[in-house]
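Protein sequence lines correspond, in order, to chains G and E.
Taken in order, the first sequence gives residues 6 to 386; the numbers are from our numbering.
Taken in order, the second sequence gives residues 176 to 492; the numbers are from our numbering.
The beta-carbon is built from N, C-alpha and C at its ideal position, and this holds for glycine as well.
Owing to the predicted nature of the structure, the values given are computational and were not obtained by experimental measurement.
Before any comments, here is the structure.
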Amino acid sequence: MNHKKKTRRSSNMGLASSTFAIAIGLLFGFIILLLSNPTQALPGFAAILTGAMTHGIKGIGQVFYYATPIILTGLSVGFAFKTGLFNIGSSGQFIVGAFGAVYVGIMWTSLGGIHWIVALLAAIILGALWGFVPGLLKAVFNVNEVISAIMMNYIGMYVVNYTTKAYAPLFNNLRNESNNVAVAAQIPKMGLDKIFVGSSLNGGIIIAIVVVILMHFVLNKTTFGYELKAVGYNRDASKYAGINEKKGIILSMVISGAISGLAGGLLYLAGTGKHIEIVDVLASEGFTGISVALLGLSNPLTILAAGIFIAYLMAGGFYLQLFEFSTEIIDIIVAVIIYFSAFALMVKLLIIRMNTHKLDKQELKEEKAKNKKDIHRKGEI
Amino acid sequence: MDVIFFIFQQTMFFTIPLLIVALGGMFSERAGIVNVALEGIMTMGAFISVLFLNLTQDYLSGQGQLVLAILIAMVSGALFSLPHAYAAINMKADQVISGTALNMFAPAFAIFIARIIQGVQQVEFANTFRIVEVPFLSNIPLLGGLLFRNTYLTTFLGILILIISTIVLYKTRFGLRLRACGEHPQAADAAGINVYHMQYTGVIISGALAGLGGLVYVVPTSTNFNATVSGYGFLALAVLIFGQWKPMKILYASLFFGCLKAVSAAYSGIPLLNNMGIPSYFYKMIPYVATLIVLVFTSRNSQAPRASGVPYDQGAR
Numbered sequence: 006m007n008h009k010k011k012t013r014r015s016s017n018m019g020l021a022s023s024t025f026a027i028a029i030g031l032l033f034g035f036i037i038l039l040l041s042n043p044t045q046a047l048p049g050f051a052a053i054l055t056g057a058m059t060h061g062i063k064g065i066g067q068v069f070y071y072a073t074p075i076i077l078t079g080l081s082v083g084f085a086f087k088t089g090l091f092n093i094g095s096s097g098q099f100i101v102g103a104f105g106a107v108y109v110g111i112m113w114t115s116l117g118g119i120h121w122i123v124a125l126l127a128a129i130i131l132g133a134l135w136g137f138v139p140g141l142l143k144a145v146f147n148v149n150e151v152i153s154a155i156m157m158n159y160i161g162m163y164v165v166n167y168t169t170k171a172y173a174p175l176f177n178n179l180r181n182e183s184n185n186v187a188v189a190a191q192i193p194k195m196g197l198d199k200i201f202v203g204s205s206l207n208g209g210i211i212i213a214i215v216v217v218i219l220m221h222f223v224l225n226k227t228t229f230g231y232e233l234k235a236v237g238y239n240r241d242a243s244k245y246a247g248i249n250e251k252k253g254i255i256l257s258m259v260i261s262g263a264i265s266g267l268a269g270g271l272l273y274l275a276g277t278g279k280h281i282e283i284v285d286v287l288a289s290e291g292f293t294g295i296s297v298a299l300l301g302l303s304n305p306l307t308i309l310a311a312g313i314f315i316a317y318l319m320a321g322g323f324y325l326q327l328f329e330f331s332t333e334i335i336d337i338i339v340a341v342i343i344y345f346s347a348f349a350l351m352v353k354l355l356i357i358r359m360n361t362h363k364l365d366k367q368e369l370k371e372e373k374a375k376n377k378k379d380i381h382r383k384g385e386i
Numbered sequence: 176m177d178v179i180f181f182i183f184q185q186t187m188f189f190t191i192p193l194l195i196v197a198l199g200g201m202f203s204e205r206a207g208i209v210n211v212a213l214e215g216i217m218t219m220g221a222f223i224s225v226l227f228l229n230l231t232q233d234y235l236s237g238q239g240q241l242v243l244a245i246l247i248a249m250v251s252g253a254l255f256s257l258p259h260a261y262a263a264i265n266m267k268a269d270q271v272i273s274g275t276a277l278n279m280f281a282p283a284f285a286i287f288i289a290r291i292i293q294g295v296q297q298v299e300f301a302n303t304f305r306i307v308e309v310p311f312l313s314n315i316p317l318l319g320g321l322l323f324r325n326t327y328l329t330t331f332l333g334i335l336i337l338i339i340s341t342i343v344l345y346k347t348r349f350g351l352r353l354r355a356c357g358e359h360p361q362a363a364d365a366a367g368i369n370v371y372h373m374q375y376t377g378v379i380i381s382g383a384l385a386g387l388g389g390l391v392y393v394v395p396t397s398t399n400f401n402a403t404v405s406g407y408g409f410l411a412l413a414v415l416i417f418g419q420w421k422p423m424k425i426l427y428a429s430l431f432f433g434c435l436k437a438v439s440a441a442y443s444g445i446p447l448l449n450n451m452g453i454p455s456y457f458y459k460m461i462p463y464v465a466t467l468i469v470l471v472f473t474s475r476n477s478q479a480p481r482a483s484g485v486p487y488d489q490g491a492r
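As structure tokens, this is what we get:
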């Protein structure tokens with residue numbers, strides 16, 4: 006009973022501290038708008054807050070569409086954080102996953118109804134492979150996963166650019182990007198086009214939510230998840246407790262990479278005109294994923310909320326151009342929110358510490374009283 | 176011979192910014208603060224100083240202008256690193272979080288401000304800083320051709336910073352104290368060292384050098400700045416770890432990477448490589464693949480500064 010109360014209180018506090026960070030971030034954004042163009046600041050700020058809903062249900066659909074890949078890259082990074090690893094390689098895993106999906110989506114046209122499922126599997130496998138390398142190097146050769154993942158980002162980008170260009174059927178020479186995938190390889194709408202009429206939304210968001218719930222379950226309700234987290238908290242102690250910590254590290258990176266790969270697959274199979282562009286720039290979705298994971302405090306369910314929230318701001322940001330502001334203000338706001346969410350963690354800790362302190366005092370008092378009674382009783386005897 | 180000079184000059188353009196930024200990161204990490212914000216600080220330093228070059232190009236040019244830009248890059252980098260220091264040291268925040276926030280903030284800020292000031296996000300500047308040859312020194316056989324022709328002031332600055340960093344870190348009281356804070360801050364505190372003070376200094380040095388690195392990256396290879404340093408801050412982070420947090424090893428690591436990068440960028444100018452008919456993407460990939468392979472053999476005993484990334488809490492024992 007007491008324990009339950011305590012957890013509820015701490016989750017409320019997490020919400021309160023996130024709200025605090027979001028409020029400061031929005032305020033900061035408003036001040037920047039005010040400083041750069043006072044007359045347009047208010048309507049511009051309103052566009053950030055409500056722009057996503059301008060076109061009603063279609064706008065909401067767009068928010069979920071933008072949210073799908075970043076929820077998953079966020080989940081990928083957050084999952085790795087939970088197991089004590091910093092997967093900065095989400096960007097590379099994302100793009101090789103996208104390539105796997107596009108390759109299968111264009112080349113394996115004889116698959117029929119399961120075409121899109123096989124394409125997604127290819128994305129997951131390639132993403133997992135790209136996560137496996139840093140995991141293996143870390144577990145066996147003690148290579149810092151941050152630096153190997155950075156290297157894998159660039160290697161992935163160049164491999165994808167080269168292979169896309171080298172296979173004629175994949176490559177659209179005129180536009181310097183990949184071709185359209187087959188219609189059967191596109192993610193089905195799963196009825197969402199009937200609800201969110203006119204938006205680009207497809208079944209990808211449902212898949213993303215299922216994966217989020219799955220990871221929540223794995224992390225919190227299974228021995229496997231418990232062991233992964235234990236390795237994250239203390240590698241030596243978990244080894245001593247009989248956990249195969251090397252296997253844990255490798256599996257964490259494989260799962261994290263698979264989720265990022267899935268994110269790439271879902272975005273590039275959406276059938277919304279998204280193609281792999283042959284430019285030497287790392288995919289930004291992987292880095293947005295780091296922000297989503299941090300804002301979501303690395304918990305799958307809050308990562309889901311954080312991803313939707315950032316997508317909501319991004320969607321609102323497009324309308325900012327009407328007021329002659331550039332959309333980068335959204336990135337500025339999100340950056341400030343993330344910065345202050347780091348503070349909020351401290352604030353939260355302080356509150357918890359104060360509470361437990363109070364609790365400890367109370368317990369101490371009770372114990373003293375009990376001791377007194379005992380002594381009293383002894384005296385009677 | 177000309178080919179060798181050419182490769183060497185190209186190598187310097189890639190090596191020097193990596194070297195400077197990684198040395199900056201070293202000062203921060205050896206004081207116990209992980210600085211993943213190097214990318215963002217580079218972007219900010221490059222943006223402010225290139226903006227300065229752009230705004231003053233009607234009145235100033237040549238080395239004088241470059242020196243002023245260098246100072247501005249260092250100051251803006253140092254100032255921009257302060258929020259990270261505050262979060263990491265005063266608020267005991269997760270150092271990855273505040274670093275990521277800075278990385279996200281800098282390019283967005285650069286684009287936003289550039290659009291307000293001049294309508295487009297690219298900031299152009301006139302490159303009047305190339306030193307064709309240094310008098311007298313350029314006539315030294317071999318060395319003259321390698322170092323003193325077709326060069327930039329920033330190359331010498333990078334070497335100077337390496338020498339100063341090595342001396343400061345290993346031969347001064349300040350360096351010893353800094354290293355102590357990164358290994359065992361409680362012991363350092365007990366010995367009478369102000370840990371917070373040292374950590375602030377470490378982060379500010381890293382900010383100044385990363386800001387400078389941003390400018391040094393942009394100047395020799397481009398005539399405009401487009402709100403990105405193309406991941407060089409992250410690469411510098413990799414070089415820092417690859418270089419085992421030690422100045423000389425950081426030099427080797429950045430030379431290794433810079434040389435491969437130069438070959439991949441300029442292979443078409445090297446007759447031997449150009450005639451082999453290997454697709455350009457393989458050359459582009461070589462620096463990253465080679466780094467991975469070398470890491471496998473060198474990481475066994477790799478050891479970060481022990482307290483790096485752990486917020487120092489005076490009350491903890």
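Backbone secondary structure at residue i - three-state DSSP
i, result
"G/S81", "helix"
"E/V298", "strand"
"G/S183", "strand"
"E/N399", "strand"
"G/E329", "coil"
"G/F91", "coil"
"E/N449", "helix"
"G/N7", "Because G/N7 carries a pLDDT of 47, less than 50, the predicted location of this residue cannot be relied on, and no value is offered for it."
"G/N239", "coil"
"G/I386", "Its pLDDT being 47, under 50, G/I386 is placed unreliably in this model, and the value from its coordinates should be taken loosely. Looking at G/I386 - three-state DSSP - the assignment turns out to be coil, as it is neither helix nor strand."
Bounding residues of the beta strand (DSSP E) (the contiguous stretch that carries residue i)
i, result
"E/I306", "I306 to E308"
"E/N325", "R324 to T326"
Selected residue, minimal CA-CA separation from residue i, among the options
i, options, result
"E/V485", "E/V404, E/F457 and E/Y371", "E/Y371"
"E/A285", "E/G418, E/I223 and E/V464", "E/I223"
"E/Q478", "E/Q419, E/Q489 and E/S455", "E/Q419"
"G/D285", "E/S405, E/L235, E/T466 and E/F349", "E/S405"
"E/F183", "E/A383, E/I315, E/L353 and E/F431", "E/F431"
"G/P193", "G/G276, G/S23, G/S331 and G/Y108", "G/G276"
"E/G320", "E/T473, E/V178, E/I208 and E/Q361", "E/V178"
"E/L206", "E/I336, E/G239, E/Q240 and E/A260", "Note that residue 206 of chain E is Ala in the sequence shown here, rather than Leu. Checking every option, the nearest Cα to that of E/A206 belongs to E/A260."
"G/T332", "G/S41, G/I36 and G/I53", "G/I53"
Contact belief for residue i with residue j at Cβ below 8 Å, rounded distance in angstroms
i, j, result
"G/A154", "G/I93", "5 Å"
"E/E299", "E/N229", "6 Å"
"G/A57", "G/Y317", "5 Å"
"G/Y231", "G/G89", "14 Å between Cβ atoms; not a contact."
"E/L241", "E/S429", "Incorrect: roughly 22 Å between the Cβ atoms, too far for contact."
"E/M249", "E/T341", "Between E/T341 and E/M249 the Cβ distance is about 19 Å, and since that is not below 8 Å, they are no contact."
"G/G266", "G/G102", "3 Å"
Exposed unless 16 or more other CB atoms sit within 10 angstroms - verdict on residue i
i, result
"G/S336", "The identity of residue 336 of chain G in the sequence shown is Asp, whereas the question assumes Ser. Per the 10 Å Cβ criterion, buried."
"G/Q98", "buried"
"E/Q185", "buried"
"G/A21", "exposed"
"G/K10", "Any reading at G/K10 must be qualified, since the residue scores a pLDDT of 49, below 50, and its modelled position is unreliable; the value itself is stated next. So G/K10 ends up on the exposed side."
"G/R180", "exposed"
"G/Q67", "buried"
"G/N178", "exposed"
"E/I264", "buried"
"G/Y245", "exposed"
"G/T24", "exposed"
"E/R352", "buried"
"G/G79", "buried"
"E/R354", "buried"
"E/G389", "buried"
Terminal residues of the alpha helix (DSSP H) in which residue i lies
i, result
"E/N229", "L213 to T231"
"E/A197", "D177 to R205"
"G/V215", "G209 to K226"
"E/F417", "Y407 to F417"
"E/F311", "Neither: E/F311 is in no alpha helix (DSSP H) and is coded neither H nor E."
"G/K143", "H120 to F146"
"G/Y4", "Any property of residue 4 of chain G remains undetermined from this structure, which presents chain G solely from 6 to 386."
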